[in-house]
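This report refers to the structure that appears directly beneath it.
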Amino acid sequence: ETGVTQSPTHLIKTRGQQVTLRCSSQSGHNTVSWYQQALGQGPQFIFQYYREEENGRGNFPPRFSGLQFPNYSSELNVNALELDDSALYLCASRTLSGSSTDTQYFGPGTRLTVL
Amino acid sequence: AQSVTQLGSHVSVSEGALVLLRCNYSSSVPPYLFWYVQYPNQGLQLLLKYTSAATLVKGINGFEAEFKKSETSFHLTKPSAHMSDAAEYFCAVSVGTGGFKTIFGAGTRLFVKA
Chain G
1 ETGVTQSPTH
11 LIKTRGQQVT
21 LRCSSQSGHN
31 TVSWYQQALG
41 QGPQFIFQYY
51 REEENGRGNF
61 PPRFSGLQFP
71 NYSSELNVNA
81 LELDDSALYL
91 CASRTLSGSS
101 TDTQYFGPGT
111 RLTVL
Chain X
1001 AQSVTQLGSH
1011 VSVSEGALVL
1021 LRCNYSSSVP
1031 PYLFWYVQYP
1041 NQGLQLLLKY
1051 TSAATLVKGI
1061 NGFEAEFKKS
1071 ETSFHLTKPS
1081 AHMSDAAEYF
1091 CAVSVGTGGF
1101 KTIFGAGTRL
1111 FVKA
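Protein sequences, first through last, are from chains G and X. Mapping of the first sequence onto our numbering: position 23 corresponds to residue 23, and the numbering continues sequentially without gaps. Adding 1000 to a residue's 1-based position in the second sequence gives its number in our numbering.
Now the structure itself:
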């Protein structure tokens, strides 16, 4: 158990819809990252939030957006869903100390299926 | 640009045999390297990480990895496989100020035969 929780565990949407995924970080962590893991692939970095501000982004379009709240919980929002958005979405939290070796703690993920 | 290549999408070993999962990286700066394990329907768990302190890194569950700069490799090994080691393994490199971006390999699925 890492202390990072995600909800819901599974979700089915149709193309064009919008979805919000939620993550509760481990206590004391001020940084959260979101990843997309398509079937049979490694996780792909979407973006990272530090103290409620986005401070890093991968190669994902603007319809992927996020929020981080003062209690360090966070949301991933995806608009205009496409079939290729079907994936496991992982969040990971850590305490950012300026070191690239800070350990990230991953949640169990949300499995999104777009029909 | 940084990247990670895992050689072999599937590896099968017998219980008690040596486990060797291969990872090569590309980085223009000294890398920070990680191995994660993912069990079915679960998130990622950190096995070990290379922080430049020592080239041989020991992790959890009896796994270890050796950083070889000359070969740009960070292979994961375990002397004796156990059935519970069957899972997906990911090699990753951390980049960016504060390590904000982790790049993962495509993963290697380990099968352990009885």
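Backbone N, C-alpha and C define an ideal beta-carbon position, used for all residues, glycine too. Just so we're clear, the structure is a prediction, and the values are computed from it rather than from any experiment.
- Message: So if DSSP puts X/K1068 in a beta bridge, which residue, or which two residues, is it bridged to?
- Response: X/S1073
- Reference X/Y1089, options X/Y1036, X/S1028, X/F1063 and X/L1018, closest by Cα: X/Y1036
- Query: If we ignore side chains and look at the alpha-carbon of each, how far apart do G/P43 and X/K1049 end up?
  - Reply: 17 Å
- Message: Using beta carbons (cut-off 8 Å, strictly below), is X/Q1042 in contact with chain G?
- Response: Closer than 8 Å to some Cβ of chain G, the Cβ of X/Q1042 qualifies, so yes.
- Give the residues from the region 3 to 25 of chain G that approach chain X closer than 7 Å (Cβ to any Cβ), ordered along the chain. If you check each beta-carbon in the region 3 to 25 of chain G against every beta-carbon of chain X, none falls closer than 7 Å.
- Just confirm the distance between the C-beta atoms of X/T1055 and X/E1066, as a whole number of angstroms; I'd bet it's less than 8 Å. That pair is a contact at about 6 Å.
- Message: Once DSSP output is grouped into helix, strand and coil, what is the label at X/L1018?
- Response: coil
- Item | Residues of its chain near G/Q104, where Cβ-Cβ distance is below 8 Å and the 5 sequence neighbours each way are ignored | S33, A92, S93 and R94
- Item | C-alpha gap between G/S65 and G/C23, whole angstroms | 14 Å
- Is the Cβ of G/F45 closer than 8 Å to any Cβ of chain X? Interface residue, yes.
- Message: Taking the straight line between their C-alpha atoms, what separation do you get for X/Y1080 and X/V1112?
- Response: The sequence given here has Ser at residue 1080 of chain X, not Tyr. Taking the straight line joining both Cα atoms gives about 11 Å.
- Query: At which residue ranges does the region 18 to 95 of chain G contain complete beta strand (DSSP E) runs of 3 or more residues, listed in the order of the chain?
  - Reply: 19 to 24, 31 to 37, 44 to 50, 53 to 57, 64 to 68, 73 to 78 and 87 to 94
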